[in-house]
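S.K.: One structure coming up, written as structure tokens, with questions to follow.
2 protein chains.
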Amino acid sequence: MPKLPDQVRIVEVGPRDGLQNEATPIPTAEKLAFIRALVDAGLRDIEATSFVNPKRIPQLADAADLVKQLPAAPGVTYSALVPNMKGLERAIECGIRRVAVFTGASETFVQKNIGMTIAESLTTFSEVAAAALKAGMTVRGYVSTSFVCPYEGEVRKERVLEVSEALLAMGCDEVSISDTIGAAAPSDVFSTVGFVLGRVPPMQVALHFHDTYGTALANVLAGLELGITTFDASAGGLGGCPYAPGAAGNVSTEDVAYMFNRMGIACGVDLPKLATASLIIEKLLGRDLPSRQLRRLKSVS
Amino acid sequence: MPKLPDQVRIVEVGPRDGLQNEATPIPTAEKLAFIRALVDAGLRDIEATSFVNPKRIPQLADAADLVKQLPAAPGVTYSALVPNMKGLERAIECGIRRVAVFTGASETFVQKNIGMTIAESLTTFSEVAAAALKAGMTVRGYVSTSFVCPYEGEVRKERVLEVSEALLAMGCDEVSISDTIGAAAPSDVFSTVGFVLGRVPPMQVALHFHDTYGTALANVLAGLELGITTFDASAGGLGGCPYAPGAAGNVSTEDVAYMFNRMGIACGVDLPKLATASLIIEKLLGRDLPSRQLRRLKSVS
């Protein structure tokens with residue numbers, strides 16, 4: 166058996182990456198109930214929303230309102246995506262302590278997604294990160310389309326390292342290397358993430374998988390074998406990507422937590438309580454969420 | 166990157182393990198169309214049916230009729246499950262060249278499933294295997310509930326090795342170590358299968374996963390890392406188990422083949438052609454099959 170970490174950290178991105186793709190408007194009070202249930206299930210890192218232009222993603226137009234009402238909970242870190250300086254200003258006003266910036270390793274995807282070249286995004290975000298740090302916040306960076314781009318195909322690992330290093334150099338404390346369309350297999354993880362780890366310590370790398378082809382947990386295993394200890398996931402497997410045709414939701418928090426629990430790798434998540442959280446959103450969306458573990462829990466309860 | 170095999174063999178169990186759990190009767194002609202499409206998609210090992218008591222599994226009551234009409238195809242091996250000597254006699258009559266016997270590593274599960282103790286099943290199957298070998302057939306053995314039993318919980322790896330060795334000793338050329346309820350995680354594979362490999366060569370071990378909790382492909386990766394090169398799978402993720410409450414279908418052939426293809430591990434499967442096969446059954450069942458890869462193919466076509 167390969168040597169694996171005995172403890173991991175799950176970054177719950179359901180309230181942001183999950184909900185941003187849902188057309189059904191979720192009332193702020195329900196989002197707060199969802200987040201309270203996530204905290205109750207043991208999640209300690211929750212990406213709560215995004216200070217994106219409300220016209221672009223109406224679902225997250227209540228970001229400021231939501232952040233102001235986030236339940237105070239010891240040991241819980243909430244974060245919010247900020248797409249630019251204006252978003253950061255809104256974030257600072259609400260008092261959130263951690264922000265995330267989002268760029269990627271594929272030029273076409275980044276331009277379609279955030280309307281900037283990768284180079285422009287790095288310039289913008291180095292200003293954002295500097296201001297955030299100055300305001301006493303911490304910053305996370307996303308490297309989207311780190312394996313396959315829906316427009317350009319295969320993504321070069323050198324590009325992933327380059328963007329990761331740029332994000333870390335501007336003050337991000339971790340980069341989330343993301344398989345935005347869920348096309349990666351473990352060989353991609355060994356190759357690309359392994360390459361990044363030649364220059365970046367594993368504690369600064371998070372992995373972010375979508376489960377389009379069912380490979381997400383295999384990719385998580387590959388990440389564990391590389392010594393990675395931070396994994397993004399979304400309650401119920403909420404999510405998708407409006408700029409990545411055909412992409413499925415994030416790997417579900419239930420499924421990763423089931424695997425970690427079964428492997429004796431501490432992740433702090435209580436599965437029945439997590440189901441309570443996911444079912445709040447499932448009920449509002451009126452369709453089954455993709456998590457296999459959640460479906461199983463429903464079938465036996 | 167761990168050293169992985171560069172070629173694997175998929176044993177397609179959809180027509181047997183998949184269909185046996187479906188209440189909707191599938192006409193023999195449609196099963197044959199399904200099997201022809203599987204062959205066309207590149208599958209070379211197909212478990213076509215079971216010579217079980219037709220009263221027990223009416224879906225497979227057409228076993229003899231089906232076997233007589235199986236499309237001759239160079240390099241393709243068809244097999245059929247035989248539960249006892251009577252089943253073997255029917256199998257011999259139809260001219261199938263490979264049979265499989267089914268026992269397990271958990272006493273309660275085996276008794277509920279096949280109505281014999283494990284010891285009784287090994288006695289029965291050693292007679293069946295001897296007669297099959299004498300008739301010039303080859304024999305595969307299943308070790309069901311090799312990790313977790315729905316009745317007894319955790320299964321001892323020593324028991325899995327013991328049953329595996331008994332099956333090989335009676336003349337089986339491979340044992341399919343099965344996670345019948347889909348509860349295993351990669352740590353289980355490393356531990357139990359690793360233990361079996363201390364005494365049994367990897368070429369004689371197949372792994373058989375169900376995807377109840379989404380861990381199946383992670384378990385396949387763990388198997389690959391142990392040097393296993395044979396994996397059971399079911400087109401579309403058909404399947405389940407009537408004696409294993411809550412168990413989901415077999416890992417889908419689409420999902421394993423996607424992962425193998427992406428990893429550069431030759432498995433011979435053409436994914437669009439495989440979808441053609443799965444859609445034959447999906448249409449007759451009138452519900453979406455669980456394969457993520459199949460759903461993705463449908464969403465973009």
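Protein chains in written order, with our numbering: chain V, 166 to 466; chain G, 166 to 466.
Where is the CB? At the ideal position from N, CA and C, for every residue including glycine.
No experiment lies behind these values; they were computed from the predicted model shown.
(1) Rounding to the nearest angstrom, what Cα-Cα distance links G/F312 and V/I393 in this structure?
(2) Is there contact here, the region 344-364 of chain G with the region 292-303 of chain G, by at least three beta-carbon pairs under 8 Å?
(3) Could you compute how far the alpha carbon of G/E258 sits from the alpha carbon of G/M428?
(4) Just checking my contact of G/I175 with G/Q224 at CB under 8 Å: how many whole Å lie between their CB atoms?
(5) Judging by CA-CA distance, which residue of G/V340, G/V320, G/N384, G/Y423 is the nearest neighbour of V/A349?
(6) Taking the alpha-carbon positions, what's the V/P407 to V/N218 distance?
(7) Is the beta carbon of G/S456 sitting closer than 7 Å to the one on G/G401?
(8) V/A307 and V/S343: beta carbons closer than 7 Å?
(9) Does the CB of V/T377 have a neighbour CB from chain G at under 7 Å?
(10) Measure the alpha-carbon distance for V/N249 versus V/A270 and round it to whole angstroms.
(11) Kindly indicate which three-state DSSP category V/V293 falls into: helix, strand or coil?
(12) Within its chain, find whatever has a CB closer than 8 Å to the CB of G/S399; leave out the 5 residues flanking it on each side and keep chain order.
(13) Any idea if G/S329 is buried or exposed, counting beta-carbon neighbours within 10 angstroms, 16 or more meaning buried?
(14) As an exercise, report each continuous beta strand (DSSP E) stretch of at least 3 residues that is fully enclosed by the region 260-320 of chain V, in chain order.
(15) Measure how close the beta-carbons of G/E212 and G/L449 come, nearest whole angstrom, since I'm counting them as under 8 Å.
(16) Contact defined as beta carbons within less than 8 Å: I believe G/V370 pairs with G/G207. What is the distance between those atoms, to the nearest angstrom?
(17) Below 8 Å CB to CB, which residues in the same chain sit around G/L169 once its five sequence neighbours on both sides are set aside?
(18) Which term fits G/D453, buried or exposed, when burial requires 16 or more other beta carbons within 10 angstroms of its beta carbon?
(19) Would V/D171 count as contacting chain G if we go by Cβ distances under 7 Å?
(20) Could you check which residue in G/R460, G/I445, G/K463 has the C-alpha nearest to that of G/A202?
(21) Is the Cβ of V/Y316 closer than 7 Å to any Cβ of chain G?
(22) Quick check on this structure: which residue in V/A238, V/T310, V/R461 has the alpha carbon closest to the alpha carbon of V/R209?
(23) Mind checking the region 352-365 of chain V against chain G and listing, in chain order, the residues whose C-beta falls within less than 8 Å of any C-beta there?
(24) Quick one: what does DSSP say V/S456 is sitting in, helix, strand or coil?
(25) With distances taken from CA atoms, which of V/F374, V/I346, V/L459, V/T395 is nearest G/R461?
(26) Would you identify the three-state DSSP class for V/E254, choosing helix, strand or coil?
(27) For G/D171, count neighbouring Cβ atoms within 10 angstroms of its own Cβ and tell me buried if that reaches 16, exposed if not.
(28) On a Cα-Cα basis, can you pick out the residue from G/F374, G/T380, G/R221, G/M166 that is closest to G/A188?
(29) Can you give the beta carbon distance from V/V275 to V/V304, rounded, assuming they're within the 8 Å contact cut?
(30) So, helix, strand or coil for G/R174, using DSSP?
(31) With distance defined between alpha-carbon atoms, name the residue in V/E447, V/G451, V/Q458 nearest to V/P437.
(32) Under the three-state reduction of DSSP, which class applies to V/L246: helix, strand or coil?
(33) Would you list, in chain order, the members of the region 442-459 of chain V that have their beta-carbon closer than 9 Å to a beta-carbon of chain G?
(34) Would you check if the distance between the CB atom of G/D397 and the CB atom of G/H373 is smaller than 7 Å?
(35) Which value, in whole angstroms, describes the spacing of the CA atoms of V/A442 and V/A198?
M.R.: So, from the data block:
(1) When rounded, the distance between both Cα atoms is 27 Å.
(2) Taking 8 Å as the limit for Cβ pairs, the verdict is that the region 292-303 of chain G does not touch the region 344-364 of chain G.
(3) Near 42 Å, if we compare the C-alpha coordinates of G/M428 and G/E258.
(4) For a cut-off of 8 Å, the C-beta gap from G/I175 to G/Q224 is around 23 Å, too long to register as a contact.
(5) Sorting G/V340, G/V320, G/N384, G/Y423 by C-alpha distance to the C-alpha of V/A349 places G/Y423 at the top.
(6) Caution applies to V/P407, whose pLDDT of 49 falls short of 50 and renders its modelled position unreliable; the value that the coordinates give is listed next. Distance between V/P407 and V/N218, taken at the CA atoms: about 15 Å.
(7) Yes, they are a contact pair.
(8) The sequence given here places Tyr at residue 307 of chain V; Ala does not occur at that position. Contact: yes.
(9) Taking Cβ atoms only, chain G reaches closer than 7 Å to V/T377, which makes this a yes.
(10) Going from the Cα of V/N249 to the Cα of V/A270 covers about 18 Å.
(11) DSSP, reduced to helix, strand and coil, places V/V293 within a helical segment of the structure shown.
(12) Closer than 8 Å at the Cβ level, and outside the excluded window around G/S399, lie E177, V178, G179, D182, G183, G414, N415, V416, S417, T418.
(13) So G/S329 counts as buried.
(14) The DSSP assignment places 263-269, 303-309 as complete runs of the beta strand (DSSP E) inside the region 260-320 of chain V, in order along the chain (cut-off: 3 residues).
(15) For G/E212 against G/L449, the beta-carbon gap comes to about 19 Å, at or over 8 Å, which does not count as contact.
(16) About 23 Å separates the Cβ atoms of G/V370 and G/G207, ruling out a contact at the 8 Å cut-off.
(17) For G/L169, same chain residues with a beta-carbon under 8 Å away, outside a window of 5 residues either side, are L389, E390, M428, I430 in chain order.
(18) Exposed.
(19) By this cut-off, V/D171 is not an interface position.
(20) When G/R460, G/I445, G/K463 are compared, the shortest CA-CA separation from G/A202 is found for G/I445.
(21) It does not; no Cβ of chain G falls within 7 Å.
(22) Comparing Cα positions, the closest option is V/A238.
(23) For the region 352-365 of chain V, residues whose beta-carbon sits nearer than 8 Å to a beta-carbon of chain G comprise S352, D353, F355, S356, G359.
(24) Coil.
(25) With distances taken between Cα atoms, G/R461 lies closest to V/I346.
(26) Residue state, collapsed to three classes: helix.
(27) Counting Cβ neighbours within 10 Å, G/D171 comes out exposed, since fewer than 16 surround it.
(28) Cα-wise, what sits closest to G/A188 is G/R221.
(29) In this structure V/V275 does not touch V/V304 by the C-beta definition: roughly 18 Å separates them, more than the 8 Å allowed.
(30) Correct three-state label for G/R174: strand.
(31) Looking at the Cα atoms, V/Q458 is the closest of the given residues.
(32) Here V/L246 sits in strand by DSSP.
(33) Of all residues in the region 442-459 of chain V, only P455, S456, R457, Q458 place a beta-carbon less than 9 Å from a beta-carbon of chain G.
(34) For G/D397 and G/H373, yes; Cβs fall inside 7 Å.
(35) Note on geometry: alpha-carbon atoms of V/A442 and V/A198 lie some 8 Å from one another.
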